[in-house]
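Reviewing the structure listed below.
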Amino acid sequence: MLDKNGIAKRIAQELQDGWYVNLGIGIPTLVANHIPKDINVVFQSENGILGMGPFPYEGEEDPDLINAGKQTITAMPGSSIFDSATSFAMIRGRHIQLTVLGAMEVADNGDIANWKIPGRMVKGMGGAMDLVASAENIIVAMMHTNKRGQSKLLRQCTLPLTGVSCVKKIVTNMAVLEVTDKGFKLLERAPGVSVEDIQKATEGRLIVEGEIPEMSL
Amino acid sequence: MLDKNGIAKRIAQELQDGWYVNLGIGIPTLVANHIPKDINVVFQSENGILGMGPFPYEGEEDPDLINAGKQTITAMPGSSIFDSATSFAMIRGRHIQLTVLGAMEVADNGDIANWKIPGRMVKGMGGAMDLVASAENIIVAMMHTNKRGQSKLLRQCTLPLTGVSCVKKIVTNMAVLEVTDKGFKLLERAPGVSVEDIQKATEGRLIVEGEIPEMSL
Amino acid sequence: MNKVVANAQAAIEGIKDGMTLMLGGFGLCGIPENCISALVEANIRDLTCISNNAGVDDFGLGLLLQQKQIKKMISSYVGENDEFERQMLSGELEVDLIPQGTLATRCQMAGAGIPAFFTPAGYGTEVAFGKEVRYFDGKPHILEHAFEAEFAIVKAWKGDRFGNLIFKGTARNFNPLMAMAGKITIAEVEELVEPGELDANFIHTPGVFVQRIFQGSNYEKRIEQRTVRPRN
Amino acid sequence: MNKVVANAQAAIEGIKDGMTLMLGGFGLCGIPENCISALVEANIRDLTCISNNAGVDDFGLGLLLQQKQIKKMISSYVGENDEFERQMLSGELEVDLIPQGTLATRCQMAGAGIPAFFTPAGYGTEVAFGKEVRYFDGKPHILEHAFEAEFAIVKAWKGDRFGNLIFKGTARNFNPLMAMAGKITIAEVEELVEPGELDANFIHTPGVFVQRIFQGSNYEKRIEQRTVRPRN
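Protein chains in written order, with my numbering: chain A, 1 to 217; chain B, 1001 to 1217; chain C, 2001 to 2232; chain D, 3001 to 3232.
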């Protein structure tokens, strides 16, 4: 079973040299800490920066330099700043190679829900709907089950959708899965997790073909 | 009868302090030479500058600083440079208070034709269609008749249109006219030009009410 | 060509109960602090506010919410604000949540004279309810409309008397878009300079979009999430 | 993250007969001189060129026209070019003339993932033939579509290895819009610098939009209409 950092570390393996990447709030943000040494990626934050760097040293925080999670950040050499329309031009115009975001629920057809629990929590979708509607490569980073132990990988989402048939890959604390026409295809198991464990924790259609390797982290 | 500079001079009287103005190619360009001393206007050129100044001194021409007529220009203090989309955002978004442009024909309902003579001349509309479709205040600067002595103020345009029902005012070498529901309303006569001269030179419906004053230049 | 007004009180003249305002900023970054205070002070009510976020409980638009001056919020993300959540869930506050890119483009198009456009964002979600759907290149898109706002209020780093503006860092965000979109645009700036001092080639908002400008004061520039890393 | 290619010849690799290209510039101002020469040299044919103008007889896109490499021009204004007029009137050259603002916005939207939008420009003219008309706020608008272009070729003043660009003066024009719109965007620059040398706050085209960049040479920067005023 992975912790949140483990999920981030596994996702970092998906990155390719030269990619522009948008990381959502939460687990996705941690991906930036695990970039392989031999590749260069550029992080975009939808509030208007390309080339986001690490957090500033204490005392060097600039209130005019934050990410989409409103955290103080730094800018790398070669970064650029732009307005929100240009930022979403990058996103909708498919100039970003990878989007990593969290989810409350994912359906086995690639539907995703992550912005609203009717009557209880309505924070808003932020940039998530634009991201999922346009990105060609979306990885969801989340725990396999919710706090009540219920599967977050469903036959059908129960919460209001963020986007339809858009998620391509899911990395959870238990597994790596690909969304296919026939449901979630199990690609890898987390260390110490069995195929049966994953089957039990997955409500949506799960496809298990042949030997499922353990992740190498 | 006015010459081209006279037309420009008369149009300059229409300017108000603080206006942003787009001047087309030809007679409209001359308007910039006649701005009353006590007012400030800012000239926009649709290729991407606000705050266009006079032509440069010889030897100071900058190939990277031209107007929409491809002429070398200068920039005034407080000017700004922008891309073509932003330029037409200003135009379509009605941020420009006055557009002055030339025409081959104007109809008495405000239709204008100025970009094409089928089979003979097709230079293109440039920014004229965007300008006439959006501007709230369009003045046409042109000669009253064409080179063959035919009226350019018509009941209906014969050439392909640039825009429909958009022209508000026309200043020619003979007269100042306003476009109304019922046709061209004669406002002023050029020095030495009679109402009868204007009637003869105008094919479209001409409204003459009361005494028509001579322009004061 | 002098668009300078004395202060925020003078700048907001003409803003009346029931009007629609755009307010720049992302979180608390790049928000028009001075004008927000002036709106609180003037107690203008029943406002519709188009702003990406709603501030926090005691800063930014949260100050207007506290006084119940806002009738409707049009935003993309409204977390981190308890009073907001309370007013929304109780029905006191009308809320229109829309995708952030759609929000940005609806501002941009408002300023650009484009009344409507198709976007893929929100298709198949409740955002698309009642909206026209059309396929382009085999992909579904929904029709979205440009906003209309009587006033836009933005915050810039520097500006000149002609209304030319430049922004600093990610405090840019929605500000230049909204500056283009307001029927009347008010800009408050940290530093007001003379025309010619800003390089014409690097103006973010050309002055034509701005009707009123003033140098603000006492900027707090509160940080919402102070995140740092250790020094070694 | 190194997008630098050796020269124009290397930059245009993959451009093939029959493709659609966008080329920046207004008149002869801000045109990608080096890449145009390389296209002439490579004799790539049947091109569809989206460019505001078509150059003059012996410069700019006029060079491609002379060699009859262009099948179709999509422009807003094509005067000042006799060979162009001859080819167009004789039917050798297909020409699609569209309003300049529509041209700019069709580029901008192509880069922004907005497939179509409504504009008032051209309503009631032959530009509107066959296009959907819709009224907004009582005013007629026509539906226009984003362009698609396999390559965009732009000219900038300075650029860095990451593809960040800045433009100088009115040589900006269509360049940043087309840079966003190409599936592959090639930028030729007068000066190639290291990442970090350009101020992040004043980048006109963020590097994400640019796939190939090189420092051009021997820029002629021809002036179309040299206009001056007397020294006193």
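C-beta: ideal position from N, C-alpha, C; glycine also.
When you compare only the Cα positions, how much space is there between residue i and residue j?
| i | j | result |
| --- | --- | --- |
| phenylalanine 184 of chain A | aspartate 108 of chain A | 5 Å |
| glycine 126 of chain A | alanine 3006 of chain D | 42 Å |
| arginine 2161 of chain C | aspartate 1017 of chain B | 15 Å |
| leucine 3198 of chain D | leucine 98 of chain A | 26 Å |
| valine 2004 of chain C | serine 3076 of chain D | 38 Å |
| glycine 3169 of chain D | lysine 1037 of chain B | 28 Å |
| glutamine 3009 of chain D | asparagine 3043 of chain D | 12 Å |
| glycine 150 of chain A | glycine 69 of chain A | Checking the sequence, you will find glutamine at residue 150 of chain A rather than glycine. Taking the straight line from one Cα to the other gives about 27 Å. |
| methionine 1129 of chain B | glycine 3079 of chain D | 16 Å |
| glycine 48 of chain A | alanine 1133 of chain B | 33 Å |
| isoleucine 2098 of chain C | isoleucine 66 of chain A | 22 Å |
| threonine 180 of chain A | asparagine 2034 of chain C | 53 Å |
| methionine 104 of chain A | alanine 2149 of chain C | 35 Å |
| valine 100 of chain A | phenylalanine 3209 of chain D | 20 Å |
| phenylalanine 2202 of chain C | isoleucine 2166 of chain C | 8 Å |
| isoleucine 91 of chain A | isoleucine 35 of chain A | 21 Å |
| glycine 119 of chain A | methionine 2088 of chain C | 10 Å |
Decide if residue i is buried, meaning its Cβ has at least 16 other Cβ atoms within 10 Å, or exposed.
| i | result |
| --- | --- |
| tyrosine 2219 of chain C | exposed |
| lysine 200 of chain A | exposed |
| serine 1194 of chain B | exposed |
| serine 1165 of chain B | exposed |
| tyrosine 20 of chain A | buried |
| leucine 161 of chain A | buried |
| aspartate 2046 of chain C | exposed |
| isoleucine 39 of chain A | exposed |
| tyrosine 3123 of chain D | buried |
| serine 1216 of chain B | exposed |
| phenylalanine 2268 of chain C | Outside the shown range of chain C, which is 2001 to 2232, sits residue 2268 of chain C, and nothing can be said about it. |
| methionine 3022 of chain D | buried |
| glycine 3091 of chain D | exposed |
| aspartate 1064 of chain B | buried |
| lysine 152 of chain A | buried |
| glutamine 71 of chain A | buried |
| isoleucine 1139 of chain B | buried |
Candidates the options: which alpha carbon is nearest residue i's?
| i | options | result |
| --- | --- | --- |
| glutamine 2100 of chain C | A/His95, A/Leu131 and A/Met121 | A/Leu131 |
| alanine 2104 of chain C | A/Ala103, A/Trp115, A/Lys116 and A/Phe88 | A/Phe88 |
| glutamate 196 of chain A | A/Ala141, A/Glu14, A/Ala175 and A/Leu30 | A/Ala175 |
| lysine 2131 of chain C | C/Asp2137, C/His2145 and C/Met2019 | C/His2145 |
| glycine 110 of chain A | A/Thr86, A/Met121, A/Val42 and A/Ala135 | A/Ala135 |
| glutamate 2188 of chain C | C/Asp2017, C/Gly2027, C/Ile2036 and C/Ile2015 | C/Ile2036 |
| valine 42 of chain A | D/Val3228, D/Phe3026 and D/Asn3002 | D/Asn3002 |
| alanine 3179 of chain D | D/Ala3156, D/Phe3084 and D/Pro3195 | D/Ala3156 |
| glycine 3018 of chain D | D/Phe3026, D/Leu3028, D/Thr3048 and D/Gly3025 | D/Thr3048 |
| leucine 221 of chain A | A/His144, A/Glu60, A/Gly163 and A/Arg94 | Coverage of chain A is limited to positions 1 through 217, which leaves residue 221 of chain A absent and any answer about it impossible. |
| glycine 210 of chain A | A/Thr202, A/Glu203 and A/Arg189 | A/Arg189 |
| alanine 3121 of chain D | C/Ala2181, C/Glu2126 and C/Gly2113 | C/Gly2113 |
| aspartate 2058 of chain C | C/Leu2039, C/Gly2111 and C/Asp2082 | C/Asp2082 |
What does DSSP give as the partner residue(s) for residue i in the beta ladder?
| i | result |
| --- | --- |
| histidine 1095 of chain B | Paired residue(s): none; histidine 1095 of chain B is not in a bridge. |
| alanine 1075 of chain B | B/Met1052 |
| proline 2140 of chain C | C/Tyr2135 |
| glutamine 2225 of chain C | A/Gln71 |
| phenylalanine 3026 of chain D | D/Cys3029 |
| valine 3056 of chain D | D/Phe3059 |
Which of helix, strand or coil does DSSP assign to residue i?
| i | result |
| --- | --- |
| glutamine 1044 of chain B | strand |
| isoleucine 212 of chain A | coil |
| asparagine 3175 of chain D | helix |
| aspartate 2046 of chain C | coil |
| aspartate 3096 of chain D | strand |
| glycine 1127 of chain B | coil |
| lysine 1152 of chain B | coil |
| valine 2040 of chain C | helix |
| glutamine 3211 of chain D | coil |
| valine 1193 of chain B | coil |
| cysteine 1166 of chain B | coil |
Taking 8 Å as the CB-CB limit, is residue i close to chain G?
| i | result |
| --- | --- |
| isoleucine 1112 of chain B | Within the model displayed, chain G is absent; protein chains A, B, C and D are what it includes. |
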